[in-house]
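The sequence shown begins at 1 in the UniProt record's numbering and counts up by one.
Think of the CB as a built atom: it goes at the ideal place given N, C-alpha and C, for glycine as much as any other residue.
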Amino acid sequence: MIYWEIFLAFFIPGILGYGGGPASIPLVENEVVHRYEWLTVQEFSEVLALGNALPGPIATKMAGYIGYDQAGILGALVGIFATVAPSLILMIGLLSLLYKFKDSPKVKRMSAYVRPTIAVLLGVMAYSFFKSSYVDSGVWQTLFLIAASFLLLEKWKVHPAYVIIGSLAYGAIFMS
């Protein structure tokens with residue numbers, strides 16, 4: 001039964017997460033944190049940070065890790081397959097149709113309608129992470145990490161992987 005749950009937890013966000021891995025992250029969070037309760041919000045944010053720090057698609061790395069955490073190697077394989085299965089099915093079954101209608105105004109309009117929804121879902125997830133950080137770590141730690149991350153990323157153009165590693169090190173040293 002756990003393999004079916006892992007499959008559903010990553011297949012459904014793969015189908016509904018129009019826009020790729022980042023767009024499906026709030027949907028994955030809903031499945032693994034709220035529906036199946038495999039992770040807490042804090043644990044999910046750590047898995048997400050780790051997934052962002054490593055090269056490759058975020059969703060497949062998260063599916064592999066969470067699947068492995070829940071059911072070992074077979075669970076990781078099921079999670080990864082469930083993440084890529086919707087795209088695989090669409091690529092095989094609908095490639096010619098998508099190519100035929102790629103310049104259609106209706107398709108472009110649909111994309112324009114979906115983008116704000118994705119932005120709202122990502123905003124809700126960011127708020128949830130902020131709230132969790134504020135409650136667990138305190139306002140000053142949270143504000144320091146936000147300010148430091150913003151300056152490193154935007155002003156000094158430090159690669160996000162280094163900012164994540166630095167934040168993890170900061171947390172390990174000062175917040176454990």
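Residue span of the alpha helix (DSSP H) that contains residue i, given as start and end
i, result
"residue 178", "The shown model of the chain, from 1 to 176, leaves out residue 178, and the question about it has no answer."
"W4", "I2 to L16"
"K108", "P105 to S137"
"V41", "V41 to A53"
Counted within 10 angstroms of its Cβ, other Cβ atoms place residue i as buried (16 or more) or exposed
i, result
"L94", "exposed"
"F101", "exposed"
"A169", "exposed"
"M62", "buried"
"I146", "exposed"
"F11", "buried"
"I89", "exposed"
"I173", "exposed"
"G72", "exposed"
"I80", "buried"
"V163", "buried"
"G138", "exposed"
"T83", "buried"
Between the CA atoms of residue j and residue i - distance to the nearest angstrom
i, j, result
"P57", "L8", "19 Å"
"P86", "A126", "26 Å"
"L107", "V124", "The displayed chain sequence assigns Val, not Leu, to residue 107. Cα to Cα, the separation comes out at about 26 Å."
"S96", "A112", "22 Å"
"L151", "I92", "44 Å"
"E37", "V47", "14 Å"
"F130", "S167", "14 Å"
"G51", "S45", "10 Å"
"V78", "Y134", "35 Å"
"W4", "L121", "26 Å"
"Q141", "L54", "25 Å"
"Y18", "N30", "16 Å"
"G64", "F144", "32 Å"
"I2", "L16", "21 Å"
"R35", "D69", "16 Å"
Chain C contact for residue i (CB, 8 Å cutoff)
i, result
"H34", "Protein chain content of the structure displayed is limited to a single chain, and chain C is not contained in it."
Residue i - DSSP class collapsed to helix/strand/coil
i, result
"F101", "coil"
"Y36", "coil"
"G56", "coil"
"residue 207", "The displayed coordinates of the chain run from 1 to 176. Any statement about residue 207 would go beyond what the structure contains."
"M175", "coil"
Check: residue i C-beta below 7 Å from any heavy atom of the ligand GTP
i, result
"P160", "Judged by which ligands are present, the structure shown has none, so any question about the ligand GTP falls away."
Counting pairs of beta carbons, one from the region 22–30 and one from the region 57–67, are three or more of them closer than 8 Å?
yes
If contact is defined by three or more beta carbon pairs under 8 Å, each pair taking one atom from either stretch, is the region 143–159 in contact with the region 27–43?
no
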